[in-house]
Amino acid sequence: MRIFEATVTSVTTLSATLKRIRFALDGFESTGVGDEYIRLFFPHTADRRNISLPTAEGDSWRFNEGQPEAPMRTYTIRDAGQGWIDIDFVIHEGGIAAEWARSAAAGDRLGLNSPTGLYERPEGCTEQVLLCDLTGLPAAARLLETTPDTVRTRLVVEIPDQDSRITLPTGTHIKTDWLIAGNGIAPSLLPEAARTITDGLSQGQRPYMWVAGQSAALRQIRKLLRRELKWSARDYKIIGYWIPNAETWREKYEALDPAIKEDLMKLWDRFDDVEEATDVYEAKLEHLGL
Ligand SMILES: Cc1cc2nc3c(=O)[nH]c(=O)nc-3n(C[C@H](O)[C@H](O)[C@H](O)COP(=O)(O)OP(=O)(O)OC[C@H]3O[C@@H](n4cnc5c(N)ncnc54)[C@H](O)[C@@H]3O)c2cc1C
9 MRIFEATVTS
19 VTTLSATLKR
29 IRFALDGFES
39 TGVGDEYIRL
49 FFPHTADRRN
59 ISLPTAEGDS
69 WRFNEGQPEA
79 PMRTYTIRDA
89 GQGWIDIDFV
99 IHEGGIAAEW
109 ARSAAAGDRL
119 GLNSPTGLYE
129 RPEGCTEQVL
139 LCDLTGLPAA
149 ARLLETTPDT
159 VRTRLVVEIP
169 DQDSRITLPT
179 GTHIKTDWLI
189 AGNGIAPSLL
199 PEAARTITDG
209 LSQGQRPYMW
219 VAGQSAALRQ
229 IRKLLRRELK
239 WSARDYKIIG
249 YWIPNAETWR
259 EKYEALDPAI
269 KEDLMKLWDR
279 FDDVEEATDV
289 YEAKLEHLGL
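Residues are numbered in my numbering as their position in the sequence shown, beginning at 1, plus a constant of 8.
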């Protein structure tokens, strides 16, 4: 793991709710995986050029004693080249990251870490389904660009309004549907879309399914694929990207008994299979009302 310092070089408005910000940085190496993500470290004061950068330590990082902790959020690398990266920010109400992006300008600085990709279409699989809301759109767009046209792709994107549509890659192998729902303005229709798509599969037809969006809606899709339809973990990737009322969620999480928090963290070491760990983790969170 490495920690980088990145400087904004340009800001482009892509839609009513999406802004692309280009950063210059040295030594960053993309994994090339379409949904690779990084942790962004934001300014801890009003000075947009002053970042309290953590120190890399093995696979993680730490802030030294007495050092201010930079607020951290997770974002996708939309594109990367020699000495630059692009990140597409959803502009929503509230939030350190969204507020920062709303007024970002050349010269602003952020910290970030080395990227990790999660998308893993099985070798030889020639069909995939991508389901996401606005937060997953940057990754879905990059996945469309990086998937060969021998792979039939069905994309369902949930956006808050028609003005949030952006231009996406097209081709005879790509079918894109836009839904106006979710994104904090209405209940998510992604669970319904997942059910309609899986109901329509023929015997033995098994596309790779990649899903990113609001966590609670995604839990329903995970239950459908894993519990009801008994899909193998290699056939899907479901990643919760954001939580409604995140402030209350974080407060509730922080207020948990330290032993419960430790138990939750240790889960990831207790299981070799990350899906089994996720089953237990999500059941425990649901039980705790989180
Ligand atoms: C692997 C991964 C990749 C991601 N990639 C991207 C990306 O490329 N672009 C991107 O914009 N986001 C992305 N996200 C989602 C992003 O991390 C969250 O939306 C994050 O909560 C934003 O932080 P914030 O400081 O703006 O808001 P927070 O402080 O987390 O929340 C403030 C308030 O805003 C609400 N809120 C947060 N996100 C949204 C939203 N999207 N819509 C409506 N309300 C919201 C919260 O519920 C809360 O009430 C990704 C998340 C993950 C896990």
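Beta carbons are placed, not taken as given, at the ideal position from N, Cα and C, and that holds for glycine.
- Sixteen is the threshold: since fewer than 16 other Cβ atoms of the shown chains lie within 10 Å of the Cβ of residue 276, the residue is exposed.
- Between residue 168 and residue 21, the C-beta spacing is not below 8 angstroms.
- Taking a contact to require three or more Cβ pairs closer than 8 angstroms, the stretch 117 to 136 and the stretch 147 to 167 qualify as touching.
- Residue 17 and residue 30 have their C-alpha atoms roughly 6 angstroms apart.
- Around the C-beta of residue 252, fewer than 16 other C-beta atoms lie within 10 Å, and the residue is accordingly described as exposed.
- Residue 84 is not a Cβ neighbour of residue 99, given a cutoff of 8 angstroms.
- The C-alpha of residue 58 lies about 46 angstroms from the C-alpha of residue 181.
- For residue 258, the enclosing alpha helix (DSSP H) begins and ends at 254 to 262.
- According to the DSSP assignment, residue 106 belongs to no beta strand (DSSP E) but to the alpha helix (DSSP H) extending over 104 to 110.
- Residue environment for residue 77: exposed (fewer than 16 other C-beta atoms within 10 angstroms of its C-beta).
- With a contact defined as Cβ atoms closer than 8 angstroms, residue 229 and residue 198 qualify at about 7 angstroms.
- Boundaries for residue 183: no alpha helix (DSSP H) harbours it, while the beta strand (DSSP E) harbouring it runs 182 to 188, taken from the DSSP string.
- Of the candidates 232, 221, 210 and 282, the residue whose Cα lies closest to the Cα of residue 195 is 221.
- Taking the C-beta atoms as reference points, residue 87 is found no nearer than 8 angstroms to residue 47.
- In this structure, residue 127 has its CB at a distance of at least 7 angstroms from all heavy atoms of ligand 1.
- Residue 123 places its beta carbon less than 8 angstroms from that of residue 44.
- In the same chain as residue 160, and ignoring 5 residues on each side of it, the C-beta atoms closer than 6 angstroms to its own belong to 135 and 181, in chain order.
- For residue 234, the Cβ stays outside the 7 angstroms cut-off from all heavy atoms of ligand 1.
- Note on geometry: alpha-carbon atoms of residue 51 and residue 166 lie some 31 angstroms from one another.
- Setting aside the 5 residues that flank it on each side, residue 126 is surrounded in the same chain by 43, 245 and 247, each with a C-beta closer than 7 angstroms to its C-beta; the list follows chain order.
- As far as DSSP is concerned, residue 170 takes part in no beta bridge.
- One thing to note: residue 23 has its Cβ within 8 angstroms of the Cβ of residue 174.
- Judged by DSSP secondary structure, residue 217 falls within the beta strand (DSSP E) whose first and last residues are 216 to 222.
- The beta carbons of residue 80 and residue 49 sit about 6 angstroms from each other, so the pair counts as a contact at 8 angstroms.
- Under the three-state reduction of DSSP, residue 244 is assigned to strand.
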